[in-house]
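Undergrad: In the working numbering, the protein residues as written are 11 to 132.
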């Protein structure tokens with residue numbers, strides 16, 4: 011049995027992030043949609059939080075897609091780098107925001123690091 015793709019798991023996290031953001035910030039997005047979208051997001055506040063939360067969703071999905079490609083082509087240095095970054099961002103995020111979804115990044119990154127280190131020195 012083949013182990014789950016860390017890239018695919020990261021893509022699922024990206025999709026979930028977008029779905030959760032659409033629900034949690036629905037009032038903010040409705041408010042933005044009622045006015046002019048151009049220049050509607052300030053540097054701080056609810057609109058900024060909603061914008062950056064949603065901006066992370068496609069970024070996570072894209073990172074997962076690129077990671078899947080690295081897995082499919084045996085690019086161990088790319089997998090190792092992704093594992094290290096995901097683990098570090100997940101750990102810092104978990105400390106700063108314990109009720110968030112950052113532990114999923116720690117898990118995916120940790121599995122990825124372990125696999126890539128066991129597979130060789132690539």
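Even glycine gets a Cβ: it sits at the ideal position worked out from N, Cα and C.
Please specify which runs of the alpha helix (DSSP H), each continuous and at least 4 residues long, are wholly inside the segment 42–89, giving them in chain order.
TA: 56–82
Undergrad: Taking residue 32 as part of the alpha helix (DSSP H), name the residues at either end of that continuous run.
TA: Start and end: 16–34.
Undergrad: Count the other CB atoms within 10 Å of the CB of residue 82; is the residue buried (16 or more) or exposed (fewer)?
TA: Exposed: under 16 other Cβ atoms inside 10 Å.
Undergrad: Can you check which of these residues, 17, 125, 56 and 104, is closest to residue 116 by C-alpha distance?
TA: 104
Undergrad: What residue from 26, 58 and 25 has the CA that sits closest to residue 41's CA?
TA: 58
Undergrad: Please confirm whether residue 126 and residue 90 have their CB atoms less than 7 Å apart.
TA: yes
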